[in-house]
Every structure is written in C-alpha cells, then in structure tokens.
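Enquirer: I have a structure here, written as structure tokens, and I will follow up with some questions on it.
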Ligand code: HEM
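Residue numbers (the numbering used here): 134 to 638.
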C-alpha cells in the first residue's frame, strides 16, 4: 500500500512539474504559430508514427542497396518539396525549397547546428574541430584555417605542387587503349594532394612502392575509423555500442601519424623563423603551428579538415569523367576549347575559370551528381522555416529545438521547375543561359559554413581535366552499365567507378 502511495505521489509530482514547465512553453509556441500563420508540412505515411521504426528500416535498406539519394528523390516527387516524418520521437523536416535552404544556411544560421548530431560520433576519432562544432568553437576553428584557403595562395602556390601529382597520374593511364578505372586513381590523386596541402608531405599513393609503412597504416586506420564514425552517427550515444578494439586502435594510429607531422612542422617553422630555411608554400599544419601552441587543437583541426578534403575532389573528378565518357561529343567540344586556349605558363584559378565550356561541364556534373548529396542540421532553438507548410505548401513551418531538417542537394538539383524538363539529362550547354534561382544550386553548401575548400577543389578539378584532355584525343566508355549507381557515404560515389579507354588514333 505504502509503495502504491509513493508511486502515485511521485507520478503526480512528475506530471505537475511537467505541466508547469510545458504548458507555458506550449502556449507561447501556439502564440508564435498563430502570429506567423505556421502550419505543419505534409507527413509521409508511417506505420509506426511514434518511433518511426518503419522509416528507419527503409533508410537502412536504401543505404544497403545504394539508392539513398534516389529513394529520397522519389519521396520528394511523391510528397512535394517539403514534408515531415517522425523517427525516434524527433520530427525531421525534409525540404528542397530554396527559401528554406537560405534560412538554414544563412539568414537564420545561428538557430541551426551540427554539434549535437556529430560530436559524439566524431570526437574519439578526429577530436572536436570545424566539422563537428557550433558557436564560438566553430568560429575559432574557421578563423584558424581561413588564411590557408585564400584564393591567391591556392592559385599561385598550390598548383605548382599539384601539377607533379597530376603528371604521375597521367603516367599511370594506359596509352594503348586498354581499359582503366579512373576512380581509384583519382582517389589516390586527392589523397596525395590533400596530405601535402594539410600536413606538408604527401603520402605518395600514386607511387605505391614509395608509400611508407606509417602512411599505409594511417590510411587503413583512417578508412576503418571513418566507417565506424558513420555507424556511430546513427546509434544511441553510448560508447560501448562501438567498443570495437580496432576502432579505438585506429583512433590512436591516426593521432600518432598526425603528431609526427606536427613535430616536423614545428622544426620547419623554428628553422624558418631563424632564417635557416626558406618558408615553404602554405601548409595548413604550419599555419596552425604559428597561430596556436595547443598540440591537441592542431591535431584535431587537421584531422577534421582531412575528413572532407581527402576524397571530395577524387569523387568530383570521377563523376566528371563518368559523364564525359557517356557523352563523347562533350569530350570533343571541351578538348577543342582547351586546345584553343593553348598551353599556359601557369594555369591559375582565373585562367581555368575563363574556359567557359569547362565550367559548364563541371557545373553540370555537380548538378546531377553532387559530391555531397544531402545535408542535415538540428534546430538549436525553436525557430521557423519560411515555407513548405499547409496544404498549399507555402505556409511557414514551426520547428522545435532538437528537430532536424534534411536538405537533399541531389533532389533539389533535379527539380524540373528550376532546371528544365530535361533536368535528369547531362547537358552542359544549359549553363549558357541557365541562371539558377538563388539557393537552388548548392554543391558547396552556402552561408557562413560554405565549403572553405571550394576554390582549391575547383582549381584542382579544372586543372586535372585540362591536363588529361590535352594528352588524350578521345575517350570511350568501357562500363556496360550506363546509369550512375551510387555508393552513399559522406560523399556519394559511383559504384562502378569510371571505366574508360583512351583509344589510340
Ligand atoms: C569538389 C569538392 C568538394 C565539395 C563538393 C565540397 C562540398 C562541401 C560541402 C557541401 C560542405 C558543407 C557541409 C555542411 O554544411 O555541413 C563542405 C564543408 C567543408 N569542406 Fe568541402 N567540398 C569539397 C572539397 C573540399 C576540400 C578539397 C577541402 C579542404 C582541403 C574541403 C574542406 C571543407 C571543410 C573544412 C568543411 C567544413 C566547413 C565548416 O563546417 O565550416 N572541402 N564541403
């Protein structure tokens, strides 16, 4: 009896406290709702509307079957440009409305973040840094890396080093017309370039016999660690769920490897301060050493930048050649433009930008096959999305703290009302007249968190295309499967790579 009374008393206290806290909150939300005319977006049908287990299963099924972007696009086609679902008690709004993307990325930037979703998953592996922080910590991280990414430094200094990697890659391409998959070669190119740019010395994966044992075990550890981080993003925040010795060993290997580069960087910076060695070109590790003494901070920031840097340009190049090889007339037209431009003493960002058709080919590839297909943010406080609610799909939407918004660049870039009836077709010439609606073309994200590596990536991608097309008069598709099958990780890559032949005349 005493136990039942105690239970009743505790339950009553809990309910009263809950009511005291939540009723005013509810009323104030209702007020804002009414003031702004907020309405919820359509909900997608769910068999389990409380936990959304059916949706979670569908998500993992689509992931396993490598059709995550495709199935997301199908949902938008079926339910409109904005809809919502409930998973594990959290509301998620899915949207491809440019106005909503503008609010999340720019005009209402401070209401949205990534830290509550990413920090737990990323921290053991890459520490707290630019990719998994919000607020003041993120601002400091961004300021720390900014000088290294400025356009002048990239254009003038980085390309000189990059050209050596591209020469190695071209040396590995078959000259007898036999088939080659460009995907692994482009991913090694991106790896070699990013390790040089970030750490000050390339792992040299395009010359496989010269890769050191340390670099090899770092790359293996990084691959494994990244895979487990991906898993941790979708699991409850308990370390024991990923208490896999190999993961924690991988974290230590990655840390020790970068520590070696930081020690080397410190020696170089000390020598250059004393005037004993000429300062090297801009290297992120060295710039950070000059800015801060905190060893862990330098290591975390480097590992955080390495995450997006080490494969994005490789994926972008694979996608460009995937499309060119299926459109030989575009290859021929682009080659002619490059030959007409003649050989340049230095291919800077500006010179590459002046090749119009080259830009069209790159834009069109990023439109159809964005390297990052979706982007998710969590509401850090109650806020409002400007459009997508109600049956008209135009009312503002009230979003509670902790709710998520998922934006699919893949589906956005295929909207026929924005990109034309042939939005699913690779047609670079559309960029001759196309002026995308603001916030409808977002390969590199936007707002304060826009990709800082954008100019670097565009310069590297453009330069590599120019060099390969100068060398090879024609290209042939050697992949019997014509459509783009996806592998969805942080980036979206081609499951079948880019299998090509460069026929001899
Ligand atoms: C074609 C190549 C690339 C594409 C398409 C790309 C795309 C993106 C996108 C969409 C974001 C925003 C992610 C978000 O909002 O959560 C991003 C962020 C970022 N990217 Fe890139 N990226 C590329 C290459 C690079 C390279 C080469 C580097 C570095 C060398 C780099 C460094 C970063 C960093 C550090 C962030 C985080 C920025 C922040 O949160 O403030 N990216 N990238």
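C-beta: ideal position from N, C-alpha, C; glycine also. Predicted model, so just to flag it, every value in this text is computed and none were measured.
Shortest alpha-carbon distance to residue 301 belongs to which of 632, 608, 621 and 600?
Expert: Here the closest residue by C-alpha is 600.
Enquirer: Under a three-way DSSP split, which group does residue 305 fall into?
Expert: Three-state DSSP puts residue 305 in a helix.
Enquirer: Here's the rule: buried if 16 or more other CB atoms are within 10 angstroms of the residue's CB, otherwise exposed. What is residue 516?
Expert: Buried, since its Cβ has 16 or more Cβ neighbours within 10 Å.
Enquirer: Is residue 327 near the ligand HEM, going by C-beta to nearest heavy atom under 7 angstroms?
Expert: Result yes, Cβ under 7 angstroms from the ligand HEM.
Enquirer: Cβ-heavy atom distance between residue 333 and the ligand HEM below 7 angstroms?
Expert: No, the beta carbon of residue 333 sits no closer than 7 angstroms to any heavy atom of the ligand HEM.
Enquirer: To the nearest angstrom, report how far apart residue 162 and residue 353 are at their CA atoms.
Expert: Taking the straight line from one Cα to the other gives about 49 angstroms.
Enquirer: Using a Cβ distance threshold of 8 angstroms, determine whether the segment 542-549 contacts the segment 204-223, with at least three qualifying pairs required.
Expert: The segment 542-549 is in contact with the segment 204-223.
Enquirer: Starting from residue 397, trace the beta strand (DSSP E) in both directions and tell me its first and last residue.
Expert: Looking at the DSSP string, residue 397 is not in any beta strand (DSSP E); the run it does join, the alpha helix (DSSP H), is 378-406.
Enquirer: Is residue 217 helix, strand or coil when you go by DSSP?
Expert: The answer is strand: DSSP assigns residue 217 an E or B state.
Enquirer: Looking only at C-alpha atoms, which of 486, 212 and 469 sits nearest to residue 589?
Expert: Of the candidates 486, 212 and 469, the one whose C-alpha sits nearest the C-alpha of residue 589 is 486.
Enquirer: Report the rounded CA-to-CA distance for residue 402 versus residue 415, giving the unit in angstroms.
Expert: Their backbone Cα atoms lie some 12 angstroms apart in a straight line.
Enquirer: Are the segment 579-597 and the segment 442-450 touching, with three or more C-beta to C-beta distances below 8 angstroms?
Expert: Contact holds: three or more Cβ-Cβ distances are below 8 angstroms.
Enquirer: Please identify the residue among 366, 239, 447 and 215 whose C-alpha is closest to the C-alpha of residue 321.
Expert: Of the listed residues, the one whose Cα sits closest to residue 321 is 447.
Enquirer: Using the Cα positions of residue 180 and residue 187, report the straight-line distance between them to the nearest angstrom.
Expert: Distance between the alpha carbons of residue 180 and residue 187: 6 angstroms.
Enquirer: Given a cut-off of 8 angstroms on the beta-carbon distance, is the pair residue 244 and residue 465 in contact?
Expert: No; because the gap between Cβ atoms is not below 8 angstroms, this pair is not in contact.
Enquirer: Could you check whether the segment 389-405 touches the segment 324-341, counting it as contact only if at least three pairs of C-beta atoms, one from each stretch, sit closer than 8 angstroms?
Expert: Contact between the segment 389-405 and the segment 324-341 is present, because at least three Cβ pairs lie under 8 angstroms.
Enquirer: Return the chain-ordered ranges of every alpha helix (DSSP H) run that is complete within the segment 458-493 and spans a minimum of 4 residues.
Expert: Those alpha helix (DSSP H) runs which fall completely within the segment 458-493 and span 4+ residues are 461-474 and 482-486.
Enquirer: Using only the alpha-carbon positions, how far apart do residue 125 and residue 303 sit?
Expert: Residue 125 lies beyond the residue range present for the chain, which begins at 134 and ends at 638; the question has no answer from this structure.
Enquirer: Going by C-alpha to C-alpha distance, which of 314, 428 and 622 sits closest to residue 450?
Expert: It is 314 whose Cα lies nearest to the Cα of residue 450.
Enquirer: Counting Cβ pairs, one atom from each stretch, are 3 or more of them under 8 angstroms apart for the segment 555-564 and the segment 482-500?
Expert: These segments touch.
Enquirer: Between residue 158 and residue 249, what straight-line distance do the alpha-carbon atoms span, to the nearest angstrom?
Expert: In a straight line, the C-alpha of residue 158 is about 22 angstroms away from that of residue 249.
Enquirer: What residues match up with residue 517 in a beta bridge as DSSP calls it?
Expert: Paired residue(s): 531.
Enquirer: Per the DSSP calculation, residue 510 is bridged to which residue(s)?
Expert: In DSSP, residue 510 forms a bridge with 538.
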